[in-house]
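Q: In my numbering, the protein residues as written are 90 to 791.
The beta-carbon is built from N, C-alpha and C at its ideal position, and this holds for glycine as well.
Remember, predicted model here, so these are calculated numbers, not experimental data.
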Ligand code: HDD
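#1: Quick one: is residue 473 buried, meaning 16 or more other Cβ sit within 10 Å of its Cβ, or exposed?
#2: Between residue 719 and residue 733, what straight-line distance do the alpha-carbon atoms span, to the nearest angstrom?
#3: Count the other CB atoms within 10 Å of the CB of residue 98; is the residue buried (16 or more) or exposed (fewer)?
#4: Pull up the CB-CB distance for residue 295 and residue 222, whole angstroms please, since I reckon it's below 8 Å.
#5: For my contact list, residue 423 and residue 504 are in at a C-beta cut-off of 8 Å; report their separation, rounded to the angstrom.
#6: Tell me where the alpha helix (DSSP H) around residue 540 begins and ends.
#7: Going by DSSP, name the residue or residues bridged to residue 664.
#8: So, under 8 Å CB-CB, residue 326 and residue 542 are touching, yes? Tell me the CB distance rounded to an integer number of Å.
#9: Is any heavy atom of the ligand HDD found at a distance shorter than 7 Å from the C-beta of residue 147?
#10: So is the beta-carbon of residue 157 under 7 Å away from any non-hydrogen atom of the ligand HDD?
#11: Jot down the residue ranges of each uninterrupted beta strand (DSSP E) in the region 343-420, minimum 3 residues, whole runs only, in chain order.
#12: Taking the alpha-carbon of residue 433 as reference, which of 495, 749, 499 and 237 has the nearest alpha-carbon?
#13: Looking at residue 488 and residue 478, is the spacing between their C-beta atoms short of 8 Å?
#14: Measuring only from the beta carbon, is residue 440 closer than 7 Å to any heavy atom that is part of the ligand HDD?
#15: Please report the straight-line C-alpha distance between residue 653 and residue 670, rounded to a whole angstrom.
#16: Any chance the CB of residue 433 is under 7 Å from a heavy atom of the ligand HDD?
#17: For residue 449, does the three-state DSSP call read helix, strand or coil?
#18: Hey, residue 266 and residue 562: beta-carbon distance below 8 Å or not?
#19: So what does DSSP say about residue 482, is it helix, strand or coil?
#20: Exposed or buried, which one is residue 779 when buried takes at least 16 other CB atoms within 10 Å?
#21: Return the Cβ separation of residue 188 and residue 154 in integer angstroms, given the expectation that the two are a contact with Cβ distance under 8 Å.
#22: Bridge partners of residue 217, per DSSP?
#23: Buried or exposed for residue 286, please, with buried defined as at least 16 other CB atoms from any protein chain shown within 10 angstroms of its CB.
#24: Would you say the beta carbon of residue 293 is closer than 7 Å to some non-hydrogen atom of the ligand HDD?
#25: Where does residue 289 sit, in a helix, a strand or coil, going by DSSP?
#26: Look at the Cβ atom of residue 207, then the Cβ atom of residue 291, and state whether they are nearer than 8 Å.
#27: Quick one: what's residue 470 bridged to in DSSP?
#28: Please report the Cβ distance between residue 552 and residue 579, rounded to the nearest whole angstrom; I am assuming they are in contact, meaning their Cβ atoms lie under 8 Å.
#29: For residue 119 and residue 128, I'd like the C-alpha separation in whole angstroms.
#30: Using 10 angstroms around the beta-carbon of residue 759, count the other beta-carbons present and answer buried if the total reaches 16, otherwise exposed.
#31: If you check the beta carbons only, do residue 218 and residue 417 fall under 8 Å apart?
#32: I need the boundaries of the alpha helix (DSSP H) containing residue 613, first residue and last residue.
#33: From the DSSP output, read off the bridge partner residues of residue 187.
#34: Classify residue 498: buried if its beta carbon has 16 or more other beta carbons within 10 angstroms, exposed otherwise.
#35: What is the DSSP secondary structure of residue 100, counted as helix, strand or coil?
#36: Could you tell me whether any non-hydrogen atom of the ligand HDD is closer than 7 Å to the CB of residue 429?
Take a look at the structure:
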């Protein structure tokens, strides 16, 4: 039953019981100056409902944004899986996706340095399938039993609830410095992957190894990937900090606005398929969630695409109440014995019970499968279904034996009959003890700017750690990954890398275990994986990019017309930023300002352009915010364009980037200038510069 549709015009206001309300301004009183009466059922109902509006926020991933869309497969995947939604290229499966940060509270900033959640609920005809992944393909820990410790360590410290949405504090690094297995994930979390430009420009990963099972019952291992159509892009750290102040909803707004504007975000769905027989052919364990399979070793086959084309109608009803669970699977998809995944299979239903308050959370509209539900589960808080008849048990004859169990042939879910012959132990396989090789591989696969950003991030994070012993342990741990990295971070901390810290590498030895068996093995050099570097992401499009035009009265209208035409043709969006809102007069037609210098900031845009016009440029020169706009755009390595007199606003840029060249169009480190009026050649050069996303080379100019 749905009420309160967006278009409720013409409807009378009622109580929750449907009684029409005559006065929603005043409570019922004994006289117009009298005490309020307990009898006022309208007041009590309204306030009671309000008092209970909040539900517990998610214990992790509290901060998020969601969208609806669809998924379609390119060709039948029947050879490897019998999942119905992966069979027919003509079929569109509805999806709901929720992106999130992990550590911050529900009201925290989107731009925290953090892992991003990437959860997809496929509403398939065989039931809901949830792919509950992240934007990083590995995880901090190998066994779910350490998850509460990890989260307690990263969340705000319990005595003073500081810091919000940040890993840069003692408890997190205390824990990490004692967990060699987290080093690979730390490399990712300290990289720019942890400060994405947009949810629309992130990869997604299922992380664990799962199983596909085909109609013959034959299984293969599979890793899941999402590849964004717009490429993988991040912001600069200084920019992230400033965005957090200027617009803490930056990612949420970006997703909402893009869909609202008809720029539907799109990802390709990728799989790495590993035959069962190849399980032990890798130099790491497929069940270890701190490892990835390099794409160069097992290519990612792109088997379908997902498009997000509809914003939620109501944040709470959909994005907040959606309940994901890695255990929501359909026939054809099964689990592996990854001990992190196995623990997750317990956690998610458990957490929905406390968060949503009832085992009937599957009846909330956003969680309802499109496949019909028939079983003997009954009652409990807030039950919506009105179950008919007297049969709520199986076996029965009074209900004709229904609902019936489904065989494998009837698309019943049959767990993959993996052979297990083992002792019951609390242990970790020796194949899980190579913690440093892939951390090193990731590091050595980065471009120079990316590597430098990791060093800066570690200097920042560890610089915020107050306890020297923790910093020291971390330097020692980083040295296990790469000595040069540790030394570089040490410079920032003013600390030498310790040669040895007694016992640090055998923290996880059980009292009765063999110490050698539990010691991490030293990092090995393996070939780098170019797919791990964002420098290699496609950079051929300016689609959906936000470009700020800085203008004041008297701007050159023809400059704007030429550049705007080229940008819009490339799919970018142009926003006018002026000293005030309202109309801004041009040499020909006026334009309407989208922002004033008070209501926006350079960090909210992908690039800036300043047109010519004597009067306009002179006015801009007098506004300090304009200077900051330009220097921030430079510092954050963004494309900058200027034509005509606007050149004068760039003179302060370093390394000669602001000096006028002789050619009609000059491009120095992504700063594009036209000698005179903006021409189509100038506009084309600017488009090219914006498509690069960032000109990181500026950071390394001497
Ligand atoms: Fe988790 C939420 C992803 C390990 C326990 N997790 C949650 C969400 C994502 C992930 C994307 C947000 C879902 C949403 O948008 O509503 N979690 C992961 C990934 C992991 C992972 C990719 C490792 C590979 N998680 C993990 C472990 C445990 C949990 C090991 C516990 C043993 N995760 C939870 C949870 C949450 C959750 C406490 C909080 C809210 C929710 O489930 O619905 O059950």
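A: In brief:
#1: exposed
#2: 16 Å
#3: exposed
#4: 5 Å
#5: 7 Å
#6: 537-552
#7: 637
#8: 7 Å
#9: yes
#10: no
#11: 355-364 and 390-399
#12: 237
#13: yes
#14: yes
#15: 20 Å
#16: yes
#17: helix
#18: yes
#19: coil
#20: buried
#21: 6 Å
#22: 212
#23: buried
#24: no
#25: helix
#26: yes
#27: For residue 470, which the question treats as bridged, DSSP gives no partner whatsoever.
#28: The pair is not a contact, with the Cβ atoms about 12 Å apart (cut-off 8 Å).
#29: 11 Å
#30: buried
#31: yes
#32: Here residue 613 belongs to no alpha helix (DSSP H), and DSSP marks it neither H nor E.
#33: 155 and 208
#34: exposed
#35: coil
#36: yes
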